[in-house]
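Enquirer:
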Amino acid sequence: MRCPRDQNILIDPDSAQLSVFADNGLHRCEKCQGMLLNAEAAQSAIAREMLDQMHEAFTDEGSEAALDCPICDSKMRVRSIVFSKPDGSNTEPIELDGCPTCSSFWFDAGELQSLVPPLGSAGEDPEERTMALAFLVQMLMLLPHRIV
Ligand SMILES: [Zn+2]
Ligand SMILES: [Zn+2]
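Numbered per the working numbering, the sequence shown spans residues 29 to 176.
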């Protein structure tokens with residue numbers, strides 16, 4: 029399976045050492061550090077349910093994105109998503125690419141990074157940066173969200 033941005037081979041969730049990847053069906057690109065989430069690959073029932081629910085917002089709405097779904101080749105669609113933080117405030121909207129056919133979603137690394145403060149020294153090591161983004165995705169999956 030290849031990265032929809034740069035065609036690099038995506039690393040599948042099972043070969044990652046941490047359960048955070050397998051739980052959320054997280055495929056990652058080592059080149060651009062974007063992440064693909066897929067409901068069928070997710071081992072956590074909570075993540076699967078959340079992804080299936082998010083998928084409904086992409087089946088017939090959203091503008092066509094330039095990306096092809098790495099799983100089923102459909103043209104992906106782009107929408108904005110806002111998460112509610114535990115303190116009741118909302119995050120800035122970020123762009124989320126979703127597949128209208130299967131429950132797959134693509135997060136650009138830059139979009140995810142806009143939600144977190146600079147990662148400091150961890151940001152210099154690609155492996156640590158990927159881990160930080162994976163945990164961010166894990167946390168986002170537990171927050172209420174709104175597609176806008
Ligand atoms: Zn990539
Ligand atoms: Zn798809």
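All C-beta atoms, glycine included, are put in the ideal place defined by N, C-alpha and C.
Identify whether Asp-51 lies in helix, strand or coil by the three-state DSSP scheme.
Expert: The sequence position of residue 51 within the sequence shown is 23, counting from 1. Looking at Asp-51 - three-state DSSP - the assignment turns out to be helix.
Enquirer: With a CB to CB cut of under 8 Å and the five nearest residues on each side skipped, what residues in its chain are close to Ser-18?
Expert: With the chain represented from 29 up to 176, any question about residue 18 goes unanswered, as that position is not in the structure.
Enquirer: Quick one: which unbroken beta strand (DSSP E) runs of 3-plus residues sit fully inside the region 75–156? Chain order, please.
Expert: 91–96, 103–111, 122–126 and 132–135
Enquirer: For the beta strand (DSSP E) that contains Leu-64, what are its first and last residues?
Expert: As a position in the sequence shown, residue 64 is number 36, starting the count at 1. 63–66 is the span of the beta strand (DSSP E), which, as asked, contains Leu-64.
Enquirer: Would you report the Cα separation of Arg-30 and Glu-84, rounded to the nearest angstrom?
Expert: Here residue 30 refers to the residue found at position 2 when the sequence shown is read from its first residue. Here residue 84 refers to the residue found at position 56 when the sequence shown is read from its first residue. Between the alpha carbons of Arg-30 and Glu-84 lies a distance of about 24 Å.
Enquirer: How about Gln-45 and Arg-157: do their beta carbons lie closer than 8 Å?
Expert: As a first step, residue 45 must be located in the sequence shown, where it is residue number 17. As a first step, residue 157 must be located in the sequence shown, where it is residue number 129. No, the Cβ-Cβ distance between Gln-45 and Arg-157 is not below 8 Å.
Enquirer: Ligand 2 and Thr-87: does the residue's C-beta get closer than 7 Å to at least one heavy atom of that ligand?
Expert: What you label residue 87 is simply residue 59 of the sequence shown in a count that begins at 1. No; taking the cut-off as 7 Å, the Cβ of Thr-87 has no heavy atom of ligand 2 nearer than that.
Enquirer: Shortest alpha-carbon distance to Phe-135 belongs to which of Ser-47, Asn-52, Ser-43 and Ile-74?
Expert: For the purposes of this step, residue 135 is taken as the residue at position 107 of the sequence shown. Of Ser-47, Asn-52, Ser-43 and Ile-74, the residue nearest in Cα terms is Asn-52.
Enquirer: Buried or exposed: which applies to Pro-114, given that a residue is buried once 16 or more other Cβ atoms fall within 10 Å of its Cβ?
Expert: In the sequence shown, counting from the first residue as 1, residue 114 sits at position 86. Exposed, because fewer than 16 other Cβ atoms sit within 10 Å of the Cβ of Pro-114.
Enquirer: Which residue or residues does DSSP assign as beta-bridge partners of Arg-174?
Expert: Position 146 of the sequence shown, counted from the first residue, corresponds to residue 174. Its beta-bridge partners are Val-110.
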